[in-house]
Each structure stands twice: as C-alpha cells, then as structure tokens.
Amino acid sequence: MLRAYRDQARPEDGSSGEQPFPLQRQFRRHILPLLLVAVAVLSGMVAWTTLRLTSDLYLQAAKQYAQMVVSRIQQDDPQAWAAVISHDPRRGSIDPAVVARLQAVLVSFLGEERLGRLKLFDRHGQVLFSYSPEDVGTFEVNDILREVSLTGDARISFDGEDGKTDVYDSYIAITDADGRTQVVMELFEAADYVNPLLLRTVAAAALPPALLLLGLVVLLSRLVGQAQQEIDSRTGTLTALKRRLETLVSSHALGAVEKAGDDAVISRVMDATLFYSDVVDFTGYSESHPPQEVVGFLNALMTVQVEEIQRFGGDVDKMIGDAVLAVFEGADRAERAIACAQSVLQVLAARPELPRAIRIGIHDGYVIAGAIGPAHRRDFTVIGDSVNVTARLCGLGAAGEVVTDSPTVARAGHPAGFSPPEEQMVRGRSEPVRVRRWRVDPAAEAQADWPVSVQAENIHH
1 MLRAYRDQAR PEDGSSGEQP FPLQRQFRRH ILPLLLVAVA VLSGMVAWTT LRLTSDLYLQ
61 AAKQYAQMVV SRIQQDDPQA WAAVISHDPR RGSIDPAVVA RLQAVLVSFL GEERLGRLKL
121 FDRHGQVLFS YSPEDVGTFE VNDILREVSL TGDARISFDG EDGKTDVYDS YIAITDADGR
181 TQVVMELFEA ADYVNPLLLR TVAAAALPPA LLLLGLVVLL SRLVGQAQQE IDSRTGTLTA
241 LKRRLETLVS SHALGAVEKA GDDAVISRVM DATLFYSDVV DFTGYSESHP PQEVVGFLNA
301 LMTVQVEEIQ RFGGDVDKMI GDAVLAVFEG ADRAERAIAC AQSVLQVLAA RPELPRAIRI
361 GIHDGYVIAG AIGPAHRRDF TVIGDSVNVT ARLCGLGAAG EVVTDSPTVA RAGHPAGFSP
421 PEEQMVRGRS EPVRVRRWRV DPAAEAQADW PVSVQAENIH H
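So for the sequence shown, UniProt numbering puts the first residue at 1; every next one is plus one.
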C-alpha cells in the first residue's frame with residue numbers, strides 16, 4: 001500500500017499563476033479583421049462615390065460639348081438642323097443631302113478625327129447621322145438610348161460598342177424649350193483615355209483616407225503590443241509574488257483570499273486529517289549547536305516533510321520552530337496522511353547524517369479554517385480540538401514513530417504495521433484515547449505479523 005502511494009504522484013507544480021489576459025491575441029483575432037474590413041469598405045465607398053461624381057462630371061462635360069455642336073449646326077446651317085429635328089421616320093431615311101450638309105458643318109467644326117466619335121438619333125432610335133454612312137436610316141435597339149429618349153437624362157455606358165470595353169458611350173438628349181427630346185447625340189470616347197482619368201481621380205480620393213486608416217491600425221497594433229507587454233510584465237510580477245507567498249503561507253490561505261476577493265475571509269468547518277510533527281529533543285540540540293547549524297538542520301527536515309506532504313496531496317498549514325502542521329482533505333485523507341507520515345520517516349531514516357529524528361501525530365476530525373487575528377494582521381490557519389489532539393499524539397511518540405488513534409487507522413483502511421491499541425490519557429480529554437503506533441525500524445516491520453486474534457481485535461475496535 002505504501003509503495004502504491006509513493007507511485008501515486010500528486011505534485012503541486014507551483015505554476016498555478018494566472019495567465020496574462022491575451023489582449024494582443026484577441027485584438028488580432030477579433031478587432032484587427034474588423035478594422036481591415038472597415039478600411040476596405042470605407043475605401044470602396046469613397047472609390048464608388050468618387051467614380052459616380054467623376055461620371056457625373058464627365059456627363060456634364062459631354063452635355064456641354066453636345067450643346068456646343070448643336071449650336072454650331074444651328075448657326076452654320078439652320079435649315080439642315082430644322083430638317084433633322086422635323087424628320088419623320090415613317091417617311092424612310094433622312095435626305096442624303098441633309099446628311100451631307102451636316103457632315104460638312106461638323107467636319108469644318110470638329111475635323112475628320114472627332115467626327116468619327118459622334119452619332120445622331122431621333123427619339124425613335126433611327127440613325128440620322130453617323131460616321132459610317134451605311135448606318136444612316138437604320139434603327140438601333142438600345143435600352144439606354146430608349147431611356148434617354150424618354151426621360152431626357154444623360155447616361156454613360158461602360159459596355160462599349162458591341163459588348164466591348166474599348167470605348168465609353170455617352171448619350172445626350174437634345175430637348176426643345178418644353179423639355180421634349182428632339183434628337184439624341186451619342187459621343188464615343190476611347191477607354192484608354194477615360195480609364196487613366198478615372199483611376200487617377202479615384203486613387204486621389206480613396207488612397208489618402210485608406211492610408212491614414214491603415215496608419216492608425218498600425219499605430220493601434222503597436223499600442224496593443226506595448227499594452228500586452230505591460231500586462232505580461234505585471235502578470236509575471238504578480239505570479240512571482242504569488243509563488244513567493246505560496247512558500248510562506250498555505251494553499252488553503254491563498255485559496256480563501258482569492259475566493260473572498262475584496263470581502264472578508266469567511267471561516268469554515270471541515271473534515272480533515274491532521275499531520276503534526278516535531279523534532280525529538282530539539283531544545284537540547286539547539287542549546288548545544290550554533291544557530292547556523294540549527295537552521296540548516298531544520299531546513300533539511302522541513303524540505304523533506306514539505307515535499308512529501310505535497311506529494312501525497314496535503315497542505316502545509318504552518319511551521320512553528322521545529323514543528324510542522326499539515327492538513328489533508330478528501331475521502332481518502334486519512335490513508336494519504338498516514339502514508340505520507342510513513343514515507344517521511346523512511347526518507348529521513350535513510351539520512352543518518354541528520355543529528356535528530358522526528359515523531360509524527362496523525363488524527364482525523366473537525367477543524368475550523370479561517371483568518372485569526374486583528375484586521376491589520378491576520379493568520380489563516382486551522383484551529384480546534386482536533387489540532388490539539390494531533391499535537392498531543394505527536395508528543396506521545398518516540399523518535400521515528402507515527403502515533404495515531406484507532407478511528408483514524410480504521411478510516412485509513414487498517415494499514416499494516418501498526419501496534420495493537422493502547423489507551424493513553426491525553427491532556428484536554430476526559431476519556432482515554434486508543435492509540436496505535438508505527439515505527440520506522442527493522443523491528444517495526446515485524447509488527448506486521450501480529451497474531452490473527454490481535455488483528456481481529458484491532459479491526460473490531
């Protein structure tokens with residue numbers, strides 16, 4: 001059984017310090033993507049708005065250009081213009097002579113090159129003038145052309161001619177004084193001229209705010225990184241402080257303080273198995289040896305005991321001089337406490353250089369765990385009759401001996417190697433206590449071979 005408990009490691013790694021808040025990771029995972037999406041959306045909105053404004057300005061310029069062309073035709077050949085706006089498509093194509101007169105006016109005004117960028121339609125979609133003579137008199141089926149004829153609003157098409165994207169078509173309605181469409185002028189502009197213009201305009205409008213926002217995102221990322229470093233540093237300091245406190249106070253004390261927060265630490269009653277040890281004849285040793293040797297000896301003893309107590313799942317409540325008080329909780333607390341005491345004595349027995357041995361008392365009972373003392377200076381500890389009984393049992397022991405009572409041995413499952421019960425008067429108790437002993441020496445190992453009748457009596461008690 002003892003070997004099984006040795007193999008059952010219950011270490012406290014001391015690394016229970018809280019992890020720092022992952023601000024930088026949360027920022028990169030949740031905030032940064034939203035910021036980048038916001039930058040992209042805002043840049044897209046700015047680009048779209050700029051494109052719309054640029055298109056409107058382009059159409060406004062196209063309307064002015066169309067009005068200028070019409071004014072020139074009205075000025076140079078008003079009869080030809082009158083023939084154009086009064087043409088009835090039901091009578092067939094427009095008179096070729098009128099087309100020739102229009103072409104003569106436009107060539108003299110625009111030149112041959114720009115003449116190829118213009119068409120005239122009546123409000124029914126029939127071609128009245130075109131740079132290609134074979135198109136004159138034909139009808140063009142075009143939703144944009146139909147809409148412009150009906151509404152009188154200028155429109156621009158980015159589809160180009162015959163589904164191509166090499167030209168931009170602007171449709172301008174020429175209206176009379178009452179706002180009715182007389183003709184529709186289609187103006188062509190090469191895409192290699194318009195596209196760079198649009199790109200420069202959109203870039204000039206969208207890039208500055210996008211770069212500014214990206215700069216703010218980078219700055220915010222750096223600030224978050226610096227904040228994360230500060231959080232990590234402070235958390236590391238607090239964790240180091242907590243680990244130092246763990247070496248000075250019990251884990252019960254730290255747990256109670258953490259649970260209480262800003263409130264007062266609340267005392268509680270709990271079932272526990274107590275472990276109490278002291279050094280046999282420590283007073284005589286300390287009187288005959290220098291303080292440095294005494295402290296070194298105590299540190300060696302305490303190191304062994306604390307390591308074993310933690311390994312068996314116990315909690316060191318306090319160390320007073322040469323004495324150690326530890327608390328074990330849980331359903332198997334008595335079994336672990338006794339196994340821990342046996343392991344401590346066996347480890348110390350293997351170190352003959354230690355000048356004194358210890359004795360250990362084990363007792364199971366109720367204790368009160370809480371903060372004791374005034375508000376400005378408190379000590380979290382366990383108190384109660386069970387603590388006193390455990391210390392008294394320890395005082396009954398000899399060097400290298402575990403002393404406990406029969407109920408505690410029974411709770412532990414009657415581990416082997418304990419002596420038969422003996423009644424002992426313990427200070428503070430009116431009734432004698434049935435005591436059981438276990439020694440860490442070869443003679444004690446033979447105690448496991450008690451007669452069957454005695455073992456049965458022990459189990460009965």
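No residue lacks a Cβ here, since even glycine has one placed at the ideal position from N, Cα and C.
Find the nearest neighbour of residue i within the set the options, judged by alpha-carbon distance.
{"i": "residue 360", "options": "80, 368, 275", "result": "275"}
{"i": "residue 273", "options": "177, 183, 387", "result": "387"}
{"i": "residue 364", "options": "289, 373, 331", "result": "331"}
{"i": "residue 301", "options": "362, 122, 357, 199", "result": "357"}
{"i": "residue 334", "options": "385, 138, 390, 371", "result": "390"}
{"i": "residue 269", "options": "64, 199, 384", "result": "384"}
{"i": "residue 99", "options": "284, 108, 81, 90", "result": "81"}
{"i": "residue 369", "options": "437, 156, 318, 37", "result": "318"}
Looking at the secondary structure, which residues open and close the alpha helix (DSSP H) in which residue i lies?
{"i": "residue 54", "result": "32-76"}
{"i": "residue 21", "result": "Counting along the chain, residue 21 falls outside any alpha helix (DSSP H), and DSSP gives it neither H nor E."}
{"i": "residue 338", "result": "333-349"}
{"i": "residue 311", "result": "291-311"}
{"i": "residue 354", "result": "Counting along the chain, residue 354 falls outside any alpha helix (DSSP H), and DSSP gives it neither H nor E."}
{"i": "residue 88", "result": "Note, residue 88: premise wrong, no alpha helix (DSSP H); not H, not E."}
What span of residues does the beta strand (DSSP E) with residue i cover, start to end?
{"i": "residue 371", "result": "358-372"}
{"i": "residue 424", "result": "422-424"}
{"i": "residue 404", "result": "401-405"}
{"i": "residue 190", "result": "181-190"}
{"i": "residue 437", "result": "433-439"}
{"i": "residue 130", "result": "127-130"}
{"i": "residue 323", "result": "323-328"}
{"i": "residue 315", "result": "315-320"}
{"i": "residue 379", "result": "379-383"}
Just to confirm, is the Cβ distance from residue i to residue j under 8 Å?
{"i": "residue 87", "j": "residue 128", "result": "yes"}
{"i": "residue 235", "j": "residue 20", "result": "yes"}
{"i": "residue 167", "j": "residue 189", "result": "yes"}
{"i": "residue 432", "j": "residue 424", "result": "yes"}
{"i": "residue 50", "j": "residue 194", "result": "no"}
{"i": "residue 347", "j": "residue 304", "result": "yes"}
{"i": "residue 435", "j": "residue 422", "result": "yes"}
{"i": "residue 183", "j": "residue 85", "result": "yes"}
{"i": "residue 366", "j": "residue 278", "result": "no"}
{"i": "residue 297", "j": "residue 355", "result": "yes"}
{"i": "residue 392", "j": "residue 344", "result": "no"}
{"i": "residue 66", "j": "residue 185", "result": "yes"}
{"i": "residue 380", "j": "residue 322", "result": "no"}
{"i": "residue 125", "j": "residue 140", "result": "yes"}
{"i": "residue 35", "j": "residue 217", "result": "yes"}
Determine the DSSP secondary structure at residue i, reduced to helix, strand or coil.
{"i": "residue 278", "result": "strand"}
{"i": "residue 214", "result": "helix"}
{"i": "residue 262", "result": "Unreliable placement is indicated for residue 262, whose pLDDT of 49 sits below 50; the coordinate value is still reported in the next sentence. Of the three classes helix, strand and coil, the one that applies to residue 262 here is coil, per DSSP."}
{"i": "residue 157", "result": "strand"}
{"i": "residue 98", "result": "helix"}
{"i": "residue 163", "result": "Note on residue 163: pLDDT 49, under 50, position unreliable in the model; no value is reported."}
{"i": "residue 285", "result": "helix"}
{"i": "residue 109", "result": "helix"}
{"i": "residue 141", "result": "coil"}
{"i": "residue 136", "result": "coil"}
{"i": "residue 234", "result": "helix"}
{"i": "residue 118", "result": "strand"}
{"i": "residue 169", "result": "strand"}
{"i": "residue 206", "result": "helix"}
{"i": "residue 244", "result": "helix"}
{"i": "residue 411", "result": "helix"}
{"i": "residue 429", "result": "coil"}
{"i": "residue 200", "result": "helix"}
{"i": "residue 227", "result": "helix"}
{"i": "residue 80", "result": "helix"}
{"i": "residue 459", "result": "Reliability of the predicted coordinates at residue 459 is poor, the pLDDT of 36 falling under 50, and no value is obtained from them."}
{"i": "residue 272", "result": "strand"}
- Message: Would the segment 168-181 count as touching the segment 74-82 if we require 3 or more Cβ pairs under 8 Å?
- Response: The segment 168-181, when compared against the segment 74-82, does not touch it at the 8 Å Cβ threshold.
- Between the segment 313-329 and the segment 223-241, do three or more beta carbon pairs fall short of 8 Å? Because the criterion of three Cβ pairs below 8 Å is not met, the segment 313-329 and the segment 223-241 do not touch.
- Inter-stretch contact at 8 Å, needing at least 3 Cβ pairs: the segment 337-345 / the segment 391-409: When Cβ pairs closer than 8 Å are counted between the two stretches, the segment 337-345 is seen to touch the segment 391-409, the count reaching three or more.
- Query: Given 8 Å as the limit, is there contact between the segment 23-38 and the segment 215-227, that is, 3 or more CB pairs closer than that?
  - Reply: Counting Cβ pairs under 8 Å, three or more are found: they touch.
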